[in-house]
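J.:
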Amino acid sequence: MSNYTTEVFDSAVNGSNYVAQKVKELILANDAKGKQTVLGLATGSTPVVMYKELIRLHKEEGLSFANVVTFNLDEYLPMGTDSAHSYWYFMHENLFNHINVKPENINIPNGALPENEVDQHCADYEAKIDAFGGLDIQILGIGRTGHIGFNEPGSTLESLTRKVTLAQITIEDAAPSFGGVENVPAKAITMGVSSVLKARCIYLMAYGEGKAQIVSDTLTNDITDKVPATYLQKHSNTVFVLDNAAASLLPA
Ligand code: PGA
Numbered sequence: 291m292s293n294y295t296t297e298v299f300d301s302a303v304n305g306s307n308y309v310a311q312k313v314k315e316l317i318l319a320n321d322a323k324g325k326q327t328v329l330g331l332a333t334g335s336t337p338v339v340m341y342k343e344l345i346r347l348h349k350e351e352g353l354s355f356a357n358v359v360t361f362n363l364d365e366y367l368p369m370g371t372d373s374a375h376s377y378w379y380f381m382h383e384n385l386f387n388h389i390n391v392k393p394e395n396i397n398i399p400n401g402a403l404p405e406n407e408v409d410q411h412c413a414d415y416e417a418k419i420d421a422f423g424g425l426d427i428q429i430l431g432i433g434r435t436g437h438i439g440f441n442e443p444g445s446t447l448e449s450l451t452r453k454v455t456l457a458q459i460t461i462e463d464a465a466p467s468f469g470g471v472e473n474v475p476a477k478a479i480t481m482g483v484s485s486v487l488k489a490r491c492i493y494l495m496a497y498g499e500g501k502a503q504i505v506s507d508t509l510t511n512d513i514t515d516k517v518p519a520t521y522l523q524k525h526s527n528t529v530f531v532l533d534n535a536a537a538s539l540l541p542a
């Protein structure tokens, strides 16, 4: 049996604002205690509206990210930070350039390293998350394969930050923005299932009818490596944030 909480909203904007509010509350509570807030962040189209709201909270309500440390889930491999396809670029465009997070507090897997340095980088990335005391909140989207981060089907519960091969469906979903499947990198660096589950609180957002089937598969299946998001059943504090369309195939 799953122990998720599911919150269904009448729009993606309302779901996104709900998550942004949770992030704000945590930052304010930690600031009051003189503690840093450690956020695990995601890319893709899903979190963009939530990031817009965080930017608004910063600009209009004075929410400060000065004591926030971020770790992103994944990055394509190979991928330079100067590429408009990089998640480094995505995060700066959609969030970091518009808030007062310190550049030295931003962590994104480095897709530009020589092949023989990748494994050590992954181990260092994992160790750095642990050194910061783990993630307070992990933000997730979900791919049509059921991936969280780039943990594709076949990923194990114990998996840590590592080099992975992307599933064909994931490559096809990325193809339009790369101008064709042949331009999508075949590999990536991703935080592992275990890395994600170490977060104290997880918000998985899924919006739109294109996510309805995988959301239903995730919420109605037992844990299976065929749908990596089902591993979230092992986690005690995960909230699925959905709109009506993404929730439309869930049993009543
Ligand atoms: P999307 O991707 O937000 O662009 O739908 C989600 C994911 O693949 O995790």
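Just remember that this note's numbering sits 290 ahead of the position in the sequence shown, which is counted from 1. Built from N, CA and C at the ideal position, the CB exists for glycine as well.
1) The ligand PGA heavy atoms versus the CB of T360: any closer than 8 angstroms?
2) Which first and last residues belong to the beta strand (DSSP E) in which M481 is found?
3) Could you pull out every residue in the same chain whose Cβ sits closer than 8 angstroms to the Cβ of G498, ignoring the five residues on either side in sequence?
4) If you drop the 5 nearest sequence neighbours on each side, which residues of the same chain put their C-beta closer than 6 angstroms to that of V408?
5) Among the candidates V359, K342, P337, V338, whose CA atom is the shortest distance from the CA of L316?
6) What do you reckon, are the CB atoms on M495 and I429 nearer than 9 angstroms?
7) Using DSSP's beta-bridge definition, name the partner residues of Y366.
8) Is the CB-CB distance between I479 and G424 below 9 angstroms?
9) Report the CB separation of T510 from S485 in whole angstroms; it is logged as a contact under 8 angstroms.
10) Using only the heavy atoms of the ligand PGA, determine whether one of them is closer than 8 angstroms to the beta carbon of H375.
11) Would you kindly work out how many angstroms separate the C-alpha atoms of A457 and N406, rounded to a whole number?
12) Considering only heavy atoms of the ligand PGA, does any lie closer than 8 angstroms to the CB of S335?
13) Do S306 and V531 have their beta-carbon atoms positioned less than 9 angstroms apart in this structure?
14) Which same chain residues, not among the five before or five after L539, have their C-beta less than 8 angstroms away from its C-beta?
15) Less than 8 angstroms separating the Cβ of K501 from some heavy atom of the ligand PGA?
16) Give a yes or no on whether 9 angstroms exceeds the smallest Cβ distance from P466 to chain C.
17) Quick test of your reading: F522 and Y294, contact by CB under 8 angstroms. State the CB separation rounded to the nearest angstrom.
18) Count the other CB atoms, across all protein chains shown, that sit within 10 Å of the CB of S445; report buried if there are 16 or more and exposed otherwise.
19) Please say whether K323 and L353 have beta carbons closer to each other than 9 angstroms?
20) Residues bridged to Q428 by DSSP?
21) Classify P271 as buried or exposed, calling it buried when 16 or more other Cβ atoms lie within 10 Å of its own Cβ.
22) Between C412 and the rest of its own chain, which residues show a CB-CB distance below 8 angstroms, the 5 nearest in sequence each way excluded?
23) If we ignore side chains and look at the alpha-carbon of each, how far apart do H348 and A489 end up?
24) Pop quiz: N384 and Y341 are said to be a contact at Cβ under 8 angstroms. What is the actual Cβ separation, rounded to whole angstroms?
T.: From the atom records:
1) no
2) Looking at the DSSP string, M481 is not in any beta strand (DSSP E), and its letter there is neither H nor E.
3) A302, D533, A535, A536
4) K453
5) V359
6) yes
7) A478
8) no
9) T510 to S485, Cβ: 25 angstroms. No contact.
10) no
11) 23 angstroms
12) yes
13) yes
14) A502, Q503, V505, S506
15) yes
16) You won't find chain C in this structure, because it holds only one protein chain.
17) Going by the sequence as given, residue 522 is Leu instead of Phe. L522 to Y294, Cβ: 7 angstroms. Contact.
18) buried
19) no
20) G330, I492
21) Nothing about residue 271 can be reported from this structure: the residues present for the chain run from 291 to 542 only.
22) P399, L450, T451, R452, K453, I479
23) 24 angstroms
24) 5 angstroms
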